[in-house]
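For reference, the structure discussed in these notes is given below.
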Amino acid sequence: MFLTLLDLAGGFAFALSGGTRAVERRFDLFGIVFLAFVAATAGGIVRDVLIGAVPPAAIASWPSAAVAVLAGLVASRARGLIARLATPVTVFDAVGLGFFAVVGTRKALDAGLTPVMAALLGMLTAIGGGIGRDVLTAEPPMVLRREIYALAALLGGAVVVLGDAVGWSNGLSATVGAVAATGLRLTALRFGWNLPRG
Amino acid sequence: MFLTLLDLAGGFAFALSGGTRAVERRFDLFGIVFLAFVAATAGGIVRDVLIGAVPPAAIASWPSAAVAVLAGLVASRARGLIARLATPVTVFDAVGLGFFAVVGTRKALDAGLTPVMAALLGMLTAIGGGIGRDVLTAEPPMVLRREIYALAALLGGAVVVLGDAVGWSNGLSATVGAVAATGLRLTALRFGWNLPRG
Amino acid sequence: MFLTLLDLAGGFAFALSGGTRAVERRFDLFGIVFLAFVAATAGGIVRDVLIGAVPPAAIASWPSAAVAVLAGLVASRARGLIARLATPVTVFDAVGLGFFAVVGTRKALDAGLTPVMAALLGMLTAIGGGIGRDVLTAEPPMVLRREIYALAALLGGAVVVLGDAVGWSNGLSATVGAVAATGLRLTALRFGWNLPRG
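Protein chains in written order, with this note's numbering: chain S, 44 to 241; chain A, 44 to 241; chain X, 44 to 241.
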């Protein structure tokens, strides 16, 4: 129950980022809801397709779609509210990042992937929605350009696979992984950390 | 037989939209045919991948590819003709929209999806090709920005699932759904209807 | 062993094209490695998803990811070296094109696709990475706009399916196909051949 709430809160924050972007780009109401859905679900959908878990969870049942519709309506009707809530939204986004990373890593492990590739697929779960959102607005994905975002997700996935290696329970490694990913993301935001430009 | 013709006519109209866009963007002959193929088939391919029906129909057999090659050649050699035929092409596109929406919804229902998600997947079948075309020319997808297009497809899918609920035959609900979707699309075009900007 | 080396050399050249593009676009270190991975693997991943071979080879094991990390680091740390090595990189890229085309065609045939569609899927294997790279930098894909690239890949695939038809061994048709594709690509580059604009 608590996990489902976390999942929906994270998905809602991701969906808000898609809906808000669509409003900024002057998409119509359908486009706003569609981009909210993509931002919330594209990572998990790609992961599920890659591990053969079809139809993907976000397609097989309605909660993700409902969250996207709600976030789209909020983004279109309450821009001022979102602007005032910038910090909470950022925190929820970081929570979603950590949650999606550990859940994605666990699903990939259960599908038989090796630990390294499972952690990478967990990371893809967490960053895929933002990449989809940026591709659909014809922009080079933010996550590839700056800030510590994918690396935080990768840390979460790495904790999960290392936790397995040292015999932690699934619940413990998921909790530590999600907290580590969310914590690194928020710390990086707080101090303006970036990766080198190469 | 009649259905196959409708399917090919709709696919041809979609392919023409891809081929014409590629000509406008100065793609070479391969790019023109490729974009025609994407515009005609991307929606159905994504649907088939999401429901696990692989290889997708458009990959498993040649008619879709042949229609795309033909549409690409027409787009590259007969731009004047297409300009004169703008209205017929628009009508075929609306026919393709309705046809793809009801066929996609039925395939999703047969794959075990819930009615609501099946209607959404039917809509994705109808709009996916245009999204693929726009992504490959680095533009925010038209369908997310204006006109009544996805909503018309969703109406077609909704008629199919509601028809099932009230006991209509597959043929009846498909016919009513396709006519409703095509009709709404053409009416919206005729009167210049748009969704609100959010 | 020799084949694996060819595969890795081709993948490395593809990955360099992704990493170099990312450096040019000022992506951060994660983006550089990610784009290198996409350029090297997106074609094969899409092919595997379309034929139902999941998880795709590039996800199931680590060599492709390792090659991408290496190429990304080279692209970010040794731009001068890459500029001086432009010709070798171009040759490796052409080798990768031929190799990916024949391997992709064979995999598609083994998955039961018809010869024509298998050759097309082989071509997609070879060009998919470049398309993914260009989409993620919000540019219309190079392969759709100019030069003889996809056509060379298609020639390689066609040789494989024609070789099967006339009773050649897999090894012979793969060798002739890869040499033909690579040769056509290099010849076209040498003489500046392009397809007509339609």
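Ideal Cβ placement from N, Cα and C applies to all residues, glycine included.
So that I know if they touch, is there some Cβ in chain S lying closer than 7 Å to that of residue i?
{"i": "Ser119(X)", "result": "yes"}
{"i": "Pro239(X)", "result": "no"}
{"i": "Pro183(X)", "result": "no"}
{"i": "Val203(X)", "result": "no"}
DSSP state of residue i, grouped into three classes?
{"i": "Thr157(X)", "result": "coil"}
{"i": "Ala121(S)", "result": "coil"}
{"i": "Arg69(S)", "result": "coil"}
{"i": "Gly241(A)", "result": "coil"}
{"i": "Ser60(X)", "result": "helix"}
{"i": "Met185(X)", "result": "helix"}
{"i": "Val209(S)", "result": "coil"}
{"i": "Val138(X)", "result": "helix"}
{"i": "Thr180(X)", "result": "coil"}
{"i": "Met44(A)", "result": "coil"}
{"i": "Ile102(X)", "result": "helix"}
{"i": "Ile174(S)", "result": "helix"}
{"i": "Leu128(X)", "result": "coil"}
{"i": "Ile75(S)", "result": "helix"}
{"i": "Gly95(S)", "result": "coil"}
{"i": "Ile191(A)", "result": "coil"}
Closest Cβ-Cβ distance between residue i and chain X: below 7 Å?
{"i": "Thr180(A)", "result": "yes"}
{"i": "Phe70(A)", "result": "yes"}
{"i": "Met160(S)", "result": "yes"}
{"i": "Pro106(S)", "result": "no"}
{"i": "Ile174(A)", "result": "no"}
{"i": "Gly171(A)", "result": "no"}
{"i": "Arg188(S)", "result": "yes"}
{"i": "Ala193(S)", "result": "yes"}
{"i": "Val97(A)", "result": "yes"}
{"i": "Val112(A)", "result": "no"}
{"i": "Val66(A)", "result": "yes"}
Pick out whichever of the options has its Cα sitting closest to the Cα of residue i.
{"i": "Ala100(X)", "options": "Thr225(X), Phe80(X), Ala162(X) and Ala196(X)", "result": "Phe80(X)"}
{"i": "Thr225(A)", "options": "Leu78(A), Arg69(A) and Val138(A)", "result": "Val138(A)"}
{"i": "Ile102(S)", "options": "Leu93(S), Gly87(S) and Phe45(S)", "result": "Gly87(S)"}
{"i": "Leu59(X)", "options": "Ala114(X), Val134(X) and Phe45(X)", "result": "Ala114(X)"}
{"i": "Leu51(X)", "options": "Val110(X), Arg188(X) and Thr157(X)", "result": "Val110(X)"}
{"i": "Pro106(A)", "options": "Leu48(A), Val159(A), Ala144(A) and Gly155(A)", "result": "Leu48(A)"}
{"i": "Ala121(A)", "options": "Glu67(A), Gly95(A) and Pro158(A)", "result": "Glu67(A)"}
{"i": "Leu46(S)", "options": "Ala217(S), Phe234(S) and Gly241(S)", "result": "Ala217(S)"}
{"i": "Val145(A)", "options": "Ala195(A), Pro131(A) and Ile174(A)", "result": "Ala195(A)"}
{"i": "Val264(S)", "options": "Asp207(S), Met160(S), Leu229(S) and Pro183(S)", "result": "This structure leaves residue 264(S) out entirely; chain S is present only between 44 and 241."}
{"i": "Gly53(A)", "options": "Arg233(A), Phe234(A) and Asp136(A)", "result": "Asp136(A)"}
{"i": "Thr130(X)", "options": "Arg233(X), Arg240(X) and Pro239(X)", "result": "Arg233(X)"}
{"i": "Ala154(S)", "options": "Arg240(S), Met44(S), Leu238(S) and Leu93(S)", "result": "Leu93(S)"}
{"i": "Ser104(X)", "options": "Pro239(S), Val219(S) and Pro158(S)", "result": "Pro158(S)"}
{"i": "Leu156(S)", "options": "Ile174(S), Gly241(S) and Gly95(S)", "result": "Gly95(S)"}
My understanding is that residue i touches residue j, with C-beta atoms under 8 Å, so please give their C-beta distance in whole angstroms.
{"i": "Ala85(A)", "j": "Phe142(A)", "result": "Contact doesn't hold; Cβ gap of about 16 Å is too wide."}
{"i": "Gly147(X)", "j": "Thr180(X)", "result": "That pair is no contact at about 24 Å."}
{"i": "Ile191(X)", "j": "Trp236(X)", "result": "5 Å"}
{"i": "Leu164(X)", "j": "Ala151(X)", "result": "4 Å"}
{"i": "Ala56(A)", "j": "Gly172(A)", "result": "No, Ala56(A) and Gly172(A) are not in contact; Cβ-Cβ is about 10 Å, not under 8 Å."}
{"i": "Gly214(A)", "j": "Arg188(X)", "result": "Incorrect: roughly 44 Å between the Cβ atoms, too far for contact."}
{"i": "Val76(A)", "j": "Val117(A)", "result": "Contact flag wrong, Cβ pair sits at about 11 Å."}
{"i": "Val203(X)", "j": "Arg149(X)", "result": "6 Å"}
Here's a check: name, in chain order, each residue in its chain whose Cβ is nearer than 7 Å to the Cβ of residue i, leaving out the five neighbours to either side.
{"i": "Ala201(A)", "result": "Ala162"}
{"i": "Val97(A)", "result": "Asp91"}
{"i": "Leu72(X)", "result": "Ser119"}
{"i": "Val89(S)", "result": "Leu167 and Gly171"}
{"i": "Ala108(A)", "result": "Phe80"}
{"i": "Glu182(S)", "result": "none"}
{"i": "Ala193(S)", "result": "Met166, Ile170 and Val186"}
With a CB to CB cut of under 6 Å and the five nearest residues on each side skipped, what residues in its chain are close to residue i?
{"i": "Leu198(S)", "result": "Ala223, Ala224 and Leu227"}
{"i": "Arg127(A)", "result": "none"}
{"i": "Asp231(S)", "result": "It should be pointed out that residue 231(S) corresponds to Ala in this sequence rather than to Asp. Answer for Ala231(S): Ile191, listed in chain order."}
{"i": "Gly206(S)", "result": "Ser216"}
Determine whether the Cβ of residue i lies closer than 7 Å to any Cβ atom of chain A.
{"i": "Leu93(X)", "result": "yes"}
{"i": "Ala101(X)", "result": "no"}
{"i": "Ile75(S)", "result": "yes"}
Could you pull out every residue in the same chain whose Cβ sits closer than 8 Å to the Cβ of residue i, ignoring the five residues on either side in sequence?
{"i": "Leu78(X)", "result": "Gly61, Gly62, Arg64, Ala65, Phe70, Gly115, Arg176, Leu179 and Thr180"}
{"i": "Gly123(S)", "result": "none"}
Measuring from the CB of residue i, is there a heavy atom of the ligand ADP at a distance below 6 Å?
{"i": "Gly210(A)", "result": "Ligands displayed in this structure: none; no statement on the ligand ADP is therefore possible."}
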